[in-house]
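All the letters of the sequence shown, read from the start, carry residue numbers -22 to -1, 1 to 202 under mature numbering (1 follows the signal peptide of the UniProt record, and there is no 0). Idealized CB from N, CA, C, for every residue including glycine. Inspection log for the structure reproduced underneath, given as structure tokens.
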Amino acid sequence: MKKIILLALLSTPILHISVAVAQDLPVKEWATSSQDKPLIFYLSGDGGFNKFSNSLCQGINKKGFDVIALNSKSYFWDKKTPEQTATDVNNYLANKLTGRKNQQVVIIGYSFGADVLPFILNRLPKEFHDKILASFLMASSGSTDFEIHWSDIFGGNSKREMDVVTEINKLVDDKIVIISASDDGHLALNKISLKRYTHEVLPGGHHFDGDTDEIIKVILNDME
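Following this line, the structure appears as structure tokens:
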């Protein structure tokens, strides 16, 4: 059914977005002239490269960071496994880090991207995992199944079979920062057993009222 709908959408005029596809990853990149700061890897929500995600990535880039964003809508359109995704992410980023001056990585997941992120982190090889400075989970729904659903894109929030908090609790050696919206609390924070993690609450709903500047302040402050 999704393929039929997709074909219908492709038959209508749409705004062209330039993306780089490498190793089967649909990504968009914002580069700087320097490699002094950590590389930022961003996993979008199920809306893909929408206004919110583009604004956030552009804003981080303007602070002097190289940013690579994964279009979750495209990548997870067909169901993936955590192992497959971790392998794809590792292979892509390992290639990007080759010869790079700063070898550290900061990973940011938003919405659907935040839901899948803990599963990816737990399956990355140690050699790469050790390069992750911090991981940010923004506006997580609390569950996932590694597949895009039309009902979720249009505002649904059905519970999926893979529990995000259970996976978060395995990240005992990671620096984890959870960013919640005051009007969008789906993650069961009371079930998180990590002894060290940071929880930030920002005003607004699922898109934080579009205030990406405030989100960037939190990310930069909690990155170190």
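Residue i, DSSP secondary structure in three states
i	result
K104	helix
residue 207	In the structure as shown, the chain starts at -22 and stops at 202, and residue 207 therefore has no counterpart that could be examined.
K(-20)	Confidence at K(-20) is low in this model, with a pLDDT of 46, below 50, so the placement of that residue is unreliable and no value is reported for it.
L165	coil
T76	coil
E192	helix
E61	helix
residue 240	Examination of residue 240 is not possible in this model, given that the chain is present from -22 through 202 alone.
I98	helix
D14	coil
L71	helix
H(-7)	Interpretation of H(-7) is limited by its pLDDT of 31, a score under 50 that renders its predicted location unreliable; the figure taken from the coordinates is listed afterwards. Correct three-state label for H(-7): coil.
F54	coil
I170	coil
S(-12)	Its pLDDT being 41, under 50, S(-12) is placed unreliably by the model, and nothing is read from it.
Continuous beta strand (DSSP E) stretch holding residue i: start and end
i	result
I156	I154 to A159
I126	Neither: I126 is in no beta strand (DSSP E) and is coded neither H nor E.
Pick from the options that is closest to residue i, judged by C-alpha positions
i	options	result
L102	G120, Y70, S119 and Y88	Y70
F43	A9, N73 and T65	A9
V142	K74, K195 and G87	G87
G183	N100, K173 and S89	S89
V196	F97, L21, A112 and L48	A112
I194	H164, G120, N168 and V155	V155
N68	I146, D108 and K51	D108
A166	D66, A117 and L95	A117
F124	A72, R174, R78 and K57	K57
Q13	K74, I98, S31 and M201	K74
G91	W55, G37, S160 and K104	W55
L180	L172, D161, L198 and S171	D161
K173	D189, L149, Y20 and G188	L149
D187	E139, L34, K6 and T63	L34
V5	Y20, K15 and S11	Y20
Per DSSP, cross-strand counterpart(s) of residue i
i	result
L21	L48 and G87
F114	I86 and V155
H177	I156
T122	M140
W8	V45
Below-7 Å beta-carbon distance, residue i vs any chain B residue
i	result
V84	In the structure shown, chain B cannot be found, because there is only a single protein chain.
N-terminal and C-terminal residue of the alpha helix (DSSP H) that residue i is part of
i	result
N39	K29 to K40
- Query: Would you say the region 46 to 57 touches the region 20 to 27, given that touching needs at least three Cβ pairs under 8 Å?
  - Reply: yes
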